[in-house]
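Asks:
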Amino acid sequence: VLGFMLPISELSAAFDIVSTFVPDTELLHGMLKHLLFVTFHIQVGMGHIGIDFLTAEQRRKNMLIRMDVDNPDPSEAEETTSSSSSSSSNNNEQKYQVGRVVSKKFEDPTTGKMRMYHGKIQKY
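According to this note's numbering, the sequence shown is numbered sequentially starting from 6.
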């Protein structure tokens with residue numbers, strides 16, 4: 006099973022090649038242990054950093070989506086109640102019009118503090 010998961014034959018061939026350059030096996034084993042230790046810790050650390058970055062980015066995207074759903078603009082709510090249902094699709098088009106400036110208050114889920122989002126709607 007490990008033969009399919011790890012390149013054991015390639016590692017063995019690489020060890021044979023390196024051992025021809027370093028005749029002292031104790032020195033070679035010490036250097037390889039140090040190399041594996043450093044490689045393992047760097048790979049695990051980089052993996053955690055990458056996962057943290059991806060989860061923070063997804064949390065930010067979800068927060069922006071939730072901000073629009075949870076805190077609708079009160080002026081738009083008044084317009085929708087006074088207008089008919091046929092013009093509600095027109096209000097949605099205006100709501101997401103490219104270049105429109107949006108300001109919203111929201112609670113940052115990572116810190117729990119209230120924040121203010123201010124920016125223009127852009128097309129991606």
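Ideal Cβ placement from N, Cα and C applies to all residues, glycine included.
Start and end of the alpha helix (DSSP H) containing VAL130?
Replies: A query on residue 130 cannot be resolved here, the shown segment of the chain reaching from 6 to 129 and no further.
Asks: Measuring alpha carbon to alpha carbon, tell me which residue in LEU16, ILE70, PHE26 and SER24 is nearest ASP113.
Replies: Residue 113 sits at position 108 when you count from the first residue of the sequence shown. The option with the nearest alpha carbon to ASP113 is ILE70.
Asks: Do you know whose CA, among THR115, LEU7 and LEU11, lies nearest LYS66's CA?
Replies: Within the sequence shown, the letter at position 61 stands for residue 66. Selected option, being the one with the closest Cα: THR115.
Asks: Looking only at C-alpha atoms, which of LYS118, MET121, LYS125 and MET119 sits nearest to VAL103?
Replies: In the sequence shown, residue 103 corresponds to position 98, counting from 1. Of the candidates LYS118, MET121, LYS125 and MET119, the one whose C-alpha sits nearest the C-alpha of VAL103 is LYS125.
Asks: Which class does LYS66 belong to by DSSP, given the choice of helix, strand or coil?
Replies: Here residue 66 corresponds to residue number 61 of the sequence shown, with the count starting at 1. Helix, per DSSP.
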